[in-house]
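Visitor:
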Amino acid sequence: MELSGGEIVMEALRREGVEHIFGYPGGAALHIYDALYQQDAVEHILVRHEQGAVHAADGYARATGKPGVVLVTSGPGVTNCVTGIATANMDSIPMVVLSGQVATKAIGSDAFQECDAVGITRPCVKHNFLVDRIEDLADVMAKAFYVATSGRPGPVLVDIPKDITAPHIKVPFEYPEQIRMRSYNPTVKGHPGQIRKAVDLLLSAERPMIYSGGGVILGDASEELTALTRELGYPITNTLMGLGAYPATDEQFVGMLGMHGTYEANMGMHECDVLFAIGVRFDDRVTGELEHFCPHARIVHIDVDPASISKNVHVDVPIVGEVRHVLADMHKVVQASERRPDQQALETWWGQIRRWAATDCLAYDREADVIKPQYVIEKLYELTKDSETYVTSDVGQHQMFAAQFYKFDKPRRWINSGGLGTMGFGLPSAMGVKLAHPDATVVCVTGEASIQMCIQELSTMKQYDLPVVIVNLNNRYMGMVRQWQEFFYSKRYSHSYVDALPDFVALAESFGHRGVRVENKADVEGVLREALERRGEVTFLDFITDQTENVYPMIAAGKGHHEMHLSSDRELA
Amino acid sequence: MRHIISLLLENESGALSRVSGLFSARGYNLESVTVAPTNDRSLSRMTIVTSGTDEIVEQITKQLNKLVDVVRLSDLTESSHIERELLLIKVRAEGTGREEIRSLVDIFRGQIVDVTDKSYIIQLTGDGQKIDAFMNALGEHSILEVARSGSTGIARGERVLRY
Ligand SMILES: Cc1ncc(C[n+]2csc(CCOP(=O)(O)OP(=O)(O)O)c2C)c(N)n1
Ligand SMILES: [Mg+2]
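Protein chains in written order, with our numbering: chain X, 10 to 582; chain A, 12 to 174.
#1: Distance check for G161(A) and W493(X), CA to CA, integer angstroms please.
#2: Specify, as a first and last residue, the run of the alpha helix (DSSP H) that N179(A) falls within.
#3: Can you tell me which of G168(A), V157(A), D117(A) puts its alpha carbon nearest to the alpha carbon of L97(A)?
#4: Closer than 8 Å: is that where the CB of R485(X) sits relative to any heavy atom of ligand 2?
#5: Tell me which residues of the region 107 to 140 of chain X have at least one Cβ-Cβ distance to chain A shorter than 8 Å, keeping chain order.
#6: Quick one, are the C-beta atoms of D172(X) and F138(X) less than 9 Å apart?
#7: At least one CB of chain A closer than 9 Å to the CB of V156(X): is that the case?
#8: State the start and end residues of the unbroken beta strand (DSSP E) segment that holds F520(X).
#9: Measure the alpha-carbon distance for V102(A) versus G139(A) and round it to whole angstroms.
#10: What residue from G435(X), C303(X), A372(X) has the CA that sits closest to V400(X)'s CA?
#11: Less than 9 Å separating the beta-carbons of I71(A) and G164(A)?
#12: Would you report the Cα separation of A592(X) and S438(X), rounded to the nearest angstrom?
#13: Give a yes or no on whether the C-beta atoms belonging to R56(A) and L99(A) are separated by under 9 Å.
#14: Just list the residues that DSSP pairs G77(X) with in beta bridges.
#15: Using DSSP's beta-bridge definition, name the partner residues of P593(X).
#16: Mind pulling the chain A residues with CB within less than 8 Å of R191(X)?
#17: Once DSSP output is grouped into helix, strand and coil, what is the label at M57(A)?
#18: From what residue to what residue does the beta strand (DSSP E) around P181(X) run?
#19: At a threshold of 8 Å, does E457(X) count as lining ligand 2 (C-beta to nearest heavy atom)?
#20: Quick check: does the Cβ of P583(X) come within less than 8 Å of any heavy atom belonging to ligand 1?
#21: Relative to chain X, which residues along the region 23 to 37 of chain A have a C-beta separation below 7 Å, given in chain order?
#22: Taking one C-beta from the region 70 to 87 of chain A and one from the region 114 to 130 of chain A each time, how about it: are there three or more such pairs within less than 8 Å?
#23: Going along chain X in order, which residues have a C-beta closer than 7 Å to the C-beta of E21(A)?
#24: Compare the C-beta of E89(A) with all C-beta atoms of chain X and state if any pair is closer than 9 Å.
#25: Specify the secondary structure class of C133(X) as computed by DSSP and reduced to three states.
#26: For chain A, find out if any of its Cβ atoms is closer than 9 Å to the Cβ of K568(X); answer yes or no.
#27: What residues match up with H14(A) in a beta bridge as DSSP calls it?
#28: Whose CA, out of A120(X), N321(X), A254(X), lies closest to the CA of D229(X)?
#29: Look at the alpha carbon of F496(X) and the alpha carbon of R375(X), and state the distance between them as a whole number of angstroms.
#30: For P164(X), which residues in chain A fall below 8 Å Cβ to Cβ?
#31: Taking three-plus beta-carbon pairs below 8 Å as touching, is the region 13 to 25 of chain X in contact with the region 55 to 70 of chain X?
#32: On the three-state DSSP scale, how would you describe N321(X)?
#33: Evaluate the contact criterion for the region 209 to 221 of chain X versus the region 271 to 284 of chain X: three or more CB pairs, one atom per stretch, below 8 Å.
#34: Give the single residue among Y243(X), H269(X), I143(X) whose Cα lies nearest to the Cα of F414(X).
#35: Can you find at least 3 beta carbon pairs, one from the region 441 to 451 of chain X and one from the region 469 to 483 of chain X, that sit closer than 8 Å?
#36: In the DSSP assignment, find the alpha helix (DSSP H) that holds F414(X) and state where it starts and stops.
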């Protein structure tokens, strides 16, 4: 079979099982777009801005576990992708970005729409390629998918000069069945000796704590995590990225940890004697001040990426491998062991945890007349908990409220930009999720500042009929910024007020969607219910919420887990 | 502590910038880098001199290993090894100074590889310390131009770094 470069790209996508790609055409990508036009295995979603394409592909990947795929042109097409690529990179999301490039002989001449795509993206991809011969194209495509999806996943960019995809230049096509790279061999199974050591340490614990993160979701290890956690009977906390990996409604779950985590989760971290860290990277928003981090604990850490281990915090028993395999192997060793967790110690420990939980650290003023953002999320949870629901979010207070008040019982249902914290992520990612799961309910929880960063995608949602419910918690402030300025800058609210807001209802309508403004608390539930029931259209719900609500509890930067701040009128004894 | 790390990496255009980009992005110290193809033309050998605490150097080796272009890595400092750097130095050489410089070159086992009536070019190999010592002995006033290659190295004995 002889194929042109453009046809090779499409054929490679088909063989990789890609059904949808997100993109935006332009000069250097036109040969590929022409090949795209002449096939029907792959459906292309035309976005309104390349950043939207990358976030949509990212949401698609997070919701399915399959790699998200993006196709853009050279120069501004690919520079517009950088924020999205960096977002995916920080959260280890499998993704392949295909960018057109100027013709091979024009590279380096400052040609029209030329930019050094490989150079610009190098620090924010897992790997990237510049294809310099058509003979290499099929092989590079296969490597890109292999690297993006194996080991610790991540985005891979393939930059393809225009002459390589020209329709009249054809070469024999052969797609590699299997990829082997001498320089890249991710570890799959954990070392049996380390696994035994880890189990010994875990079973010797008196005050154990399980701390699991996004790696469990990326590695499809929720079942194994849940089974082992239940077998041990230990308390478990999840990171922002790990929510849903363990059912939030289960009694062993003590909530999210970190800067806006629960009191019981953070105190449990501070007082534990053995910490079992699974698919986490000891991020600073999670650990607080490292000097005070888990001062009494010996630490077991499982991660597929050796560079994650002992990067920020020294680990006593590291295990490199895919969490799914390692957890399953550990479970077998636990079951085969004669040793059992010390039930008496464990009971005392659970007693302590229940006392911490009794502070009811997520309490807020339920009697208030204004619409509290927490209230909206609680109602949203009540109305959607029994259906297949995916919640995406933007970045700010609304993100934290969603993480705190929505109880995720399943993995891949909570989709947010944790590592890079990218405002603008919520709407396009919701679009990607809806495309992947057309029968599920998809809700985008956002703020009036964040939503404006990628709002143009409302148009894409119209074109492809992707009905998402948008829950805009409109506090007329960059709430998270305002909160920091209130606490740490003596209320000097420098540029955190979002002046001259659009009429979101009219705006949604102008895109052909339904828009509803909600100003009364009494209307919240009914309006939400109606939006969720109307399955066929995008509803933009603009909730006018309390302007000055803050996210509590909070650990200020530079403090330890035991130094939490409960609320403006509640301090810890 | 100072470490000398050798890598085998894919001989591809982006590989060098991936390594140097890693050092600048993560704020690691980079004293010198040398790189050239090996007998297997598809592989380059790179030698990096860096320094840091044990934890930092451990992170450096892990992060280097994580780069998709890196095939093999060895921290030469972990065992007995040979380290060499090449110095080409142009010095002022006039009058009685010429004789003095020649005897210094002999002491350090260097070679004079170019001569004019006012200057010499001297070639010297050795580890970094020897080269520093030689330059100190010459004295700042006589040095006109310095070209140092940066260190390269190889483990002694049976240990080999190859693919
Ligand atoms: C692209 C980008 N720019 C700036 C920031 C810094 N930032 C974090 S939260 C926030 C305010 C978000 O405001 P809004 O979307 O209204 O959410 P709220 O906090 O009010 O719920 C800002 C500016 C960011 N995270 N991302
Ligand atoms: Mg806001």
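Every residue, glycine too, gets a C-beta built ideally from N, C-alpha and C.
Guide: Answer, in terms of the structure:
#1: 48 Å
#2: Because chain A in this structure spans residues 12 to 174, residue 179(A) falls outside the shown range and cannot be described.
#3: V157(A)
#4: yes
#5: V127, G128, R131, P132, K135, H136, N137, L139
#6: no
#7: Output row for V156(X): interface = yes.
#8: Per DSSP, F520(X) belongs to no beta strand (DSSP E) and is neither H nor E.
#9: 19 Å
#10: G435(X)
#11: no
#12: Missing from the structure shown is residue 592(X); chain X here goes from 10 to 582 and no further.
#13: No, the Cβ-Cβ distance between R56(A) and L99(A) is not below 9 Å.
#14: Beta-bridge pairing links G77(X) to M104(X).
#15: With chain X represented from 10 up to 582, any question about residue 593(X) goes unanswered, as that position is not in the structure.
#16: Chain A residues near R191(X): V82, Y174.
#17: strand
#18: 179 to 181
#19: yes
#20: A query on residue 583(X) cannot be resolved here, the shown segment of chain X reaching from 10 to 582 and no further.
#21: Residues of the region 23 to 37 of chain A that bring their beta carbon within less than 7 Å of a beta carbon in chain X comprise G25, S28, R29, G32, A36, in sequence order.
#22: no
#23: Contact note: E21(A) reaches chain X through S192, using a C-beta cutoff of 7 Å and chain order.
#24: Not a single C-beta of chain X is nearer than 9 Å to the C-beta of E89(A).
#25: helix
#26: no
#27: T61(A)
#28: A254(X)
#29: 23 Å
#30: The contacting residues do not exist; P164(X) stays about 13 Å from chain A at best.
#31: no
#32: coil
#33: yes
#34: H269(X)
#35: yes
#36: 406 to 414
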